[in-house]
Amino acid sequence: MKYRFSRLCGVLYLMAFVHMTTSQISPIVVSTAMGDIMGERTPFAYQDQVVSVDTTVDIFRGIPYAKPPVGDLRFAKPQPMEPWLETYDATFFRPICWQIVENNITEEQSEDCLHLNVFSPDVQGSGYPVVVHIHGGGFIQGTGNSAYHDGRPMVSLGDVVYVTMNYRLNAFGFLSTGDPEMIGNYGLWDQSLSLKWIKENIEPFGGDPNNITIIGQSAGGASVGFHLIAEQSWNYFHRGILMSGNMMAPWGLETDSEKARSDAFLVGRLAGCEDATNSQELRDCLRQVEEERLIIAANAALATTTNVIPLVPTIDGEFITDDPRHLLEQEKFKMCDVMLGNTKDDGSLVAMRAYIELIPSPDPYSDYETFLDRVARFTYTYTNDVIVNSIAQQYLDWEDFDDPDTNYFYKYIELITDEAFHCTSEHTARAYAMSGNSVYRYYYTYRRPLSVSIPRWYGVGHGYDMPYVFGHFMNPRMNSTVPYSREEKQFSLQMMSYYTNFAKTGNPNVGNEVTFPWDRFTVPGLNILEEKPDFEAIPGARAEFNAFWNYYVLRLVTYSADLSEAEHQWREEFNRWKNDDLPAWRVDFQDYQDSDQCSP
């Protein structure tokens, strides 16, 4: 253990301090099967009234795990990196993968981006459990180089080796024509090759190749889910943590191969390949397109979509062999311990797209008709009038329905969080638990005053758990505008203990001390940990809504996909009642009240 908790209540520190003196950084070299790699032994210290740590972390940045995916390797599976003869300089980050062209991205972007970063407590040590973090970003942006994912707090407190990676994104990683010419999922193949590299080379960094946990949030969580159902990756890790994303997430997988193909040709036309008539011609043309022009074309294609973002993983028959729902039903997944969950308002991220015209408002307002329109256009389920109105029936507060000022915006956030995050996590957890695996499920509900720039309507939003899981309060690369309270720091320490304990043993309760026991998720039982400073067990959280999306809506889609003219007649009658009869009744009732008929 490289840390201690201060119990001297009378000792007050005016402020936390972190010192990272450049002159104290020293080079360190490890020898791997690929060749020698030089990194840096970096002092890491933090002290306040809650925690004190004074140690070093060995950091290796920008290690190549694959050949540069350029030329004929664009839109192809990654090729393993060949060994090198000279000592490789891993003291600085390499370029991030191409993703977007905006002024707020200051890092250099390149196709030559398939690198990983290793944070180790001590490369002279051995047997440290390994945590591999797959970054999120909707498969269209993000990087393992980010300060957000800096591994020093987790490494120094949890005694684990921590690894981040970069993988191809956007058009470079997920453009697919649905055939062998451009099959797609290149970013997932990158991740898998990275895991293979880690498995084969992590021991010289002090890591245990037989104790590797993969963790991801958002698209990273979906990626972890895909590796759980992709036999290609099974030999390279031993358990998984899926945060606000999983293999069932409807935003993370394009199941319509024709839609994926159409998106690919759209990108091609926008990139100047409008003459391509088949997949081979499209691929050959796009391989000649300059990198920045291709990413501009891809982002232009993204701007044309509604709920389902293009350029995400597809069912290719090789990496993802079938619909994840079918694979879970057939138990065709890696049998291992899993931890998974989501935040209370993950769906506010989707609301930003669905209600983009309202986002500048501090308190967005949606009337009923706009709400129904957004349900129809910005949910992930096949929708017809029957399904849309069934969703409304489930979520609306009917006591307020007659009030013309009722705001339905927050109901949209609630239902899209359930559909896209909470209920898919529940479905995955059930499949794993019923197959005899140890499952730990959470529901994150704590919101801190992050910044005046983040509106209150965002709620406990997407990614709000990340600062606590990764110890941002003691991360020298993160400068929070709102200081962390003592309670929040203790909360973060407990979160890091849960997650690193799970990485070590498959049980979040075993290892570093925790103050609240986290019970396994079982069926029946449905034990869930509510993650907040005062942890709480909440068995069966949102069970009614899980049943609605995971069972009722699925069956309703099946039975109502080919409705006859009766549907349209019903819709006309419903609209007549709502728009004509009900308002008329309100007028008559008001007239009745005003007439004072009940007076003696």
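Residue numbers (mature numbering (1 follows the signal peptide of the UniProt record, and there is no 0)): -23 to -1, 1 to 577.
Here a beta-carbon is modelled for each residue, glycine too, at the ideal position from N, C-alpha and C.
None of the values given here were measured: they were computed from a predicted structure.
Residue pairing by DSSP puts Pro41 in a beta bridge opposite His92. A Cβ-Cβ distance of about 5 Å is found for the pair Val352 and Ile368, placing them in contact under the 8 Å criterion. C-alpha of Ala148 to C-alpha of Pro157: approximately 16 Å in a straight line. Rounded to the nearest whole angstrom, the C-alpha separation of Phe468 and Tyr445 is 7 Å.
When the beta-carbon positions are compared, Met142 and Gly121 come within less than 8 Å of each other. Scanning the stretch 350 to 383 for uninterrupted alpha helix (DSSP H) segments of 4 residues or longer gives 362 to 372, listed from N- to C-terminal end. Apart from sequence neighbours up to five positions away, the residues of its chain that approach Met472 with a beta-carbon distance below 6 Å are Tyr445, Val446, ordered along the chain. Pro41 sits away from Met15, with the two beta carbons spaced by 8 Å or more.
Taking a cut-off of 8 Å on C-beta distances, the stretch 394 to 401 touches the stretch 315 to 322, as three or more cross pairs fall below it.
Using a Cβ distance threshold of 8 Å, Asn456 and Pro130 do not count as a contacting pair. Using a Cβ-Cβ distance cut-off of 8 Å, the stretch 179 to 193 and the stretch 475 to 486 are in contact, since at least three pairs of beta carbons, one from each stretch, lie closer than that value. Nearest Cα to Tyr163 within the set Val132, Pro60, Leu91: Leu91. For Asp377, the CB contacts under 6 Å within the same chain, skipping 5 residues up- and downstream, are Thr383 in chain order.
Rounded to the nearest angstrom, the Cβ distance from Asn527 to His404 is 5 Å, consistent with a contact under 8 Å.
Taking the Cβ atoms as the reference, Gln194 lies roughly 7 Å from Gly222, within the contact range of under 8 Å. Spanning the alpha carbons of Thr291 and Ala226 requires a straight line of approximately 12 Å. Note on Ser338: under 16 other CB atoms within 10 angstroms of its CB, so exposed under the neighbour-count rule. According to the DSSP secondary-structure assignment, Pro57 is paired through a beta bridge with Ala43. If you look at Glu507, you'll find it in the beta strand (DSSP E) that goes 506 to 508. For Glu465, the secondary structure class from DSSP, reduced to helix, strand or coil, is helix.
Taken through DSSP and simplified to helix, strand or coil, His404 comes out as helix.
Contact fails between the stretch 97 to 106 and the stretch 63 to 72, because fewer than three Cβ pairs, one in each stretch, are under 8 Å apart. Across the structure, Leu373 and Ser462 are spaced so that their CA atoms are roughly 37 Å apart.
At the C-beta level, Phe52 and Arg260 come within 8 Å of one another. One thing to note: Pro494 has its Cβ no nearer than 8 Å to the Cβ of Leu503. DSSP places Leu146 in the coil class of the three-state scheme, outside both helix and strand. For Gln168, the uninterrupted alpha helix (DSSP H) segment begins and ends at 163 to 178.
The three-state secondary structure of Glu513, taken from DSSP, is strand. In the DSSP assignment, Gly135 falls within the alpha helix (DSSP H) that extends over 129 to 135. Below 8 Å, too few C-beta pairs join the stretch 237 to 254 and the stretch 202 to 211 to call them touching: fewer than three.
Residues Val285, Ile286, Tyr357, Ala397 of the same chain have their beta carbon placed closer than 7 Å to that of Trp228, with the five preceding and five following residues left out of the count.
DSSP lists no beta-bridge partner residue for Leu152. Excluding its 5 nearest sequence neighbours in each direction, Pro60 has C-beta neighbours in its own chain below 6 Å: Met11, Gly12, listed in chain order. A check of alpha carbon separations from Gly114 across Val7, Val289, Ala43, Ala274 identifies Val289 as the nearest. In terms of Cα proximity to Ala275, the closest of Gly119, Tyr23, Leu152 is Leu152. Annotated as distal: Tyr423 and Pro485, with beta-carbon spacing of 8 Å or more.
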